[in-house]
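Residues 221 to 528 (this note's numbering) make up the sequence shown, in order.
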Amino acid sequence: MKHFLNINEMSTEDLTGILKHAQKMKTDRLDLPKGTYDEGQPLSQHIVALVFEKPSTRTRTSFDVGVRQLGGQPMLLSGTEMHLGKGETISDTARVLSRYVDLIMLRTFESQTLYEMAKHSTVPVINGLTNESHPCQIMADIMTFEEKRGSIKGKKVVWFGDSNNVFNSFLQAAEKFNFSLIFSGPKELDPPKNLIKNAKNLKIDFKIDRDPISAIKDADLVATDTWVSMHDNPEEKQNRHNQLKAFQVNEELMSKANHEALFMHCLPAHRNEEATSGVLDGKNSVIFDEAENRLHVQKAIMRWCLSK
Ligand code: CP
221 MKHFLNINEM STEDLTGILK HAQKMKTDRL DLPKGTYDEG QPLSQHIVAL VFEKPSTRTR
281 TSFDVGVRQL GGQPMLLSGT EMHLGKGETI SDTARVLSRY VDLIMLRTFE SQTLYEMAKH
341 STVPVINGLT NESHPCQIMA DIMTFEEKRG SIKGKKVVWF GDSNNVFNSF LQAAEKFNFS
401 LIFSGPKELD PPKNLIKNAK NLKIDFKIDR DPISAIKDAD LVATDTWVSM HDNPEEKQNR
461 HNQLKAFQVN EELMSKANHE ALFMHCLPAH RNEEATSGVL DGKNSVIFDE AENRLHVQKA
521 IMRWCLSK
């Protein structure tokens, strides 16, 4: 069974194969209307369940459109309207869904729910975001970097903010794709100690630098994310803003990066909080390319999951 759960569980060969395939599928359908089927309709006669326990714009639409372009049938399901972990175990839901559909994409809270679904499903499961990781986003981000700047190997990626799910997937990707990663944020929102220890054991080129100006020096890629994630306590908002305001990506900070540095944000953005509109809409920003590449890379992930 080929699940796509987390980047650290994948081989570099499979990850680079997915990226190459995504780029080819993107090129092959350049300028075609969005509803045009891809050649051969590789997901013809396949039904894909898209299960959301959290809100989504990009993940929801990109998977839905992706399944349609591949000739398959998307089935959007809201976690709140299902017996998912409430009134029925995740394992029973996994076994039931597997009788109806050929592939499951799940956006959920705890990664335990995702792993429980994968363990008991007899069809592949894709991680569409958990509190701990967002591997589809990072695959789209690496695809975006490489189509603009070539291989990400040996490049310097700087993350501003807290150690959230997107950062965690960046850290896993740093090992698989061999780039260096700097975390620049307040000590209170550091990556958990076990992740730092694991990064050391895996010899990932990872550092913490609390000085945003020294952190961004020579950066090839600058990334940030909303200061309050979907699963964070909204009552903590003011406190988190106070902790993170020194790490805002603004025009002045961005001007200290490598001239060619790309700026990424997985979106949705809170303009003039974690990043200014000047940066989000600036010449280095590739935020909408990232969003578009979610579509292409997830199509390649679905095809990888269903391949022999
Ligand atoms: N980046 C991302 O996952 O966006 P959505 O929450 O809109 O799906």
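Every residue, glycine too, gets a C-beta built ideally from N, C-alpha and C.
All of these numbers come straight from a predicted model, not from anything done at the bench.
Output the distance between the C-alpha atoms of residue i and residue j, rounded to the nearest integer angstrom.
i	j	result
A466	F397	29 Å
N414	E273	27 Å
M221	R369	34 Å
S389	G498	27 Å
F403	I436	10 Å
L473	T496	11 Å
E510	S276	15 Å
R319	T247	35 Å
R491	T281	22 Å
E471	F380	14 Å
L487	D445	7 Å
V268	M295	6 Å
T300	S434	45 Å
P411	N453	18 Å
D284	L464	35 Å
E493	W447	8 Å
R327	G502	31 Å
M359	I428	23 Å
R315	L500	43 Å
K407	D425	19 Å
N513	E455	34 Å
H241	E366	13 Å
P262	L409	43 Å
Going by the CB atoms, is the gap between residue j and residue i shorter than 8 Å?
i	j	result
L225	V377	no
M168	L250	No answer is possible for residue 168: the residues shown for the chain start at 221 and end at 528.
N351	N385	yes
S311	H340	yes
M325	L270	yes
V469	C356	no
A338	H223	yes
A443	I238	no
G286	L526	no
L349	T279	yes
K373	F399	yes
A477	I227	no
Just mark residue i as buried or exposed, buried being the case when its beta carbon has 16 or more other beta carbons within 10 Å.
i	result
D440	buried
P432	buried
H479	exposed
Q189	Residue 189 cannot be examined here, being either before or after the span of the chain that is shown, 221 to 528.
F508	exposed
S475	exposed
D382	buried
E395	buried
K375	buried
Q265	exposed
H303	exposed
L317	buried
S298	exposed
D361	buried
T364	buried
N462	exposed
G307	exposed
T313	buried
L252	exposed
Query raised in the report: Within the structure, which residues are defined as neighbours of the ligand CP by a Cβ-heavy atom distance below 5 Å, reported in chain order?
Result: S276, T277, R278, T279, C486
Report task. Determine, using beta-carbon pairs with one atom in the segment 251-271 and one in the segment 284-303, whether at least three such pairs fall under 8 Å. Result -> yes
Requested in this report: State whether the segment 481-492 contacts the segment 330-340, with contact taken as three or more CB pairs (one from each stretch) at a distance under 8 Å.
Outcome: no
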